[in-house]
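Residue numbers (this note's numbering): 372 to 535. A short write-up of the structure that comes next.
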């Protein structure tokens, strides 16, 4: 112990300082180190939860992106289908309109032919009547004789048979 005395160390003070150190260490452990560790542990758990939440949010975001892409693809598919159906409907309407126009033109053509036929018949009758009058007039001029109604009808029938 002489060595300790030579260096100026007093064993009682040294023991008291060691006891004080352990008391201070115990107090620091209970009052500071324990609460600091609890706070650090709570922060670590909070950070882990935040990371888990961030991962879940990232997964949900990816799922949402995938769903939105599916919805967009589905919507594009449906819009293309609607567009195709619209084109088909427009083509059908155009074809129906063309057919209807062709039918109308055909009916107008048939009606025009019937009108022409009717007009021809009327014209032939008028021509026959005038032809009969002309024949009678020519006969009277050539023969100088007056033609009766019976003679006129016979001559008209004869000339009509010759024309037909």
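Cβ atoms here follow ideal geometry from the backbone N, Cα and C, with glycine treated the same way. Just so you know, these numbers come straight off a predicted model, no measurement behind them.
Verify whether the separation of the beta carbon atoms of residue 488 and residue 534 is less than 9 Å. Sequence index remark: in the chain shown, residue 488 carries index 117 (1-based). Sequence index remark: in the chain shown, residue 534 carries index 163 (1-based). No.
What are the boundary residues of the alpha helix (DSSP H) that residue 531 is part of? One-based indexing of the chain shown puts residue 531 at position 160. Residues 520-534.
Can you list, in chain order, the residues of its chain with a C-beta nearer than 8 Å to that of residue 433? Leave out the 5 residues immediately preceding and following it. Within the chain shown, residue 433 is the residue found at index 62, counting from 1. Hits under 8 Å: none found.
Inter-residue spacing [alpha-carbon to alpha-carbon] between residue 474 and residue 505: Within the chain shown, numbered from 1, the residue matching residue 474 stands at position 103. Within the chain shown, numbered from 1, the residue matching residue 505 stands at position 134. The alpha-carbon atoms of residue 474 and residue 505 are separated by roughly 45 Å.
Locate the alpha helix (DSSP H) running through residue 389, then write down its first and last residues. Translated into the one-based positions of the chain shown, residue 389 becomes position 18. Where residue 389 is concerned, the enclosing alpha helix (DSSP H) stretches over 382-398.
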